[in-house]
Structure formats: C-alpha cells, structure tokens
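Residue numbers (the UniProt record's numbering): 1 to 210.
Worksheet: the structure to be examined is printed underneath.
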C-alpha cells in the first residue's frame, strides 16, 4: 500500500497492525485531550474480532473514554458501559478474509450423482486404477495461478462480501467528541453526524446548597 500526501500534513499517530513489519510501532496508544482520554489500537489483538465485551475490557484496562479500533473492515460507533467505541471501517472498502462468506446452499438429492447398484462392482474394479492415473496427472500438471482481479472486480467483490467503504473524522471539543462518518452507499457518499459526551462525575460536597 502506498499513501501520497500533498503537503500541509498534521500530527500523525500510528499503531502496529497485523501486517506491519516495523517493530518500532507501538501496539496501542493513549492520547490525552483533557478531560478526554482516547485509546487507539489496530484490533487484531481482540478475540473475537470486534467483540464488544472484549473491547470494553480493553478500554477499562487502558482507562480511556473513547477507544478507536479497526481490523473488521466494518464501520461501528456505539456507547457501551459508559465509554464510546469507534471503528472507522475501511476507507477503500477492502475485502477481508475475516468477514463472513456467502452461504452456499446444500446439495439436494436431485443434483447428486449416484452409482447404480448394478454398476457398483464395475466402479469398485476401476477405482484403484483411476486414482493412480489421477495422482500421476496432478503431479505432472502445473498448478494454475490465481487470476488477477481488476479494480472493478475487487470493488464488486467487496460489495458482495458486505464491505462498505467508510472513514470517520473526529472533532474534539472539550468533553464532547463529534464524529462525522462518511460511507459510500449505492454510489453516493452518505454523511452521518454522531456525538459523544463524557459523563460528568459530581464530587460530593461541591454542589451549592440553597
């Protein structure tokens, strides 16, 4: 992957993904924007991937108000157990092997090939010979290479697998985080605005008495 930036770049914070070879990258980050603490992690460390309970446990251990994670290639933004969780998804709509595959309908009795009882002895007689010939042919024949998909075919495959291109922008205003979500749906860019406000904790004895 190659990223080209045409100047005026801002401060960068990176975490290590499951395919990154740079050992200097941290596994996680905690960013301080008082009064908010924001945690950043790739997400491949979470098992099962994207599991809310596992992410919540990680957020508690990091003591963060907002946790940013990825890996599933699917956008999510939700409040859970007093914290806020954001998965920006995949900006390119990249397909991932961790996504559920389409279910192939089971074979029916009508489309299965069966051997008739009268042909069974003949089939048994030639089973060993056919197997030996097949093994010899497989060893001699070169393995076919996987076809290279075009950009259009990859995009179509991503749509088929349920991958929606998306990314998110965060606007931090004190204890409030405004999230702008951009998603490519049916060829149009849809923008959604979400908001998270850190719950205020009232300290005993600080309230005014009347």
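Backbone N, C-alpha and C define an ideal beta-carbon position, used for all residues, glycine too.
Residues that DSSP places opposite residue i in a beta bridge
i: residue 32; result: 37
i: residue 166; result: 183
i: residue 76; result: 87
Test item: CB-CB of residue i and residue j under 8 Å
i: residue 44; j: residue 163; result: no
i: residue 36; j: residue 15; result: no
i: residue 179; j: residue 38; result: no
i: residue 182; j: residue 66; result: no
i: residue 93; j: residue 184; result: yes
i: residue 167; j: residue 88; result: yes
i: residue 80; j: residue 56; result: yes
i: residue 13; j: residue 46; result: no
i: residue 42; j: residue 63; result: no
i: residue 49; j: residue 71; result: yes
i: residue 194; j: residue 77; result: yes
Residue i - DSSP class collapsed to helix/strand/coil
i: residue 69; result: coil
i: residue 83; result: strand
i: residue 2; result: coil
i: residue 172; result: strand
i: residue 201; result: coil
i: residue 46; result: coil
i: residue 15; result: coil
Boundaries of the alpha helix (DSSP H) in which residue i is found, first to last residue
i: residue 52; result: 52-62
Host beta strand (DSSP E) of residue i (start-end)
i: residue 195; result: 188-197
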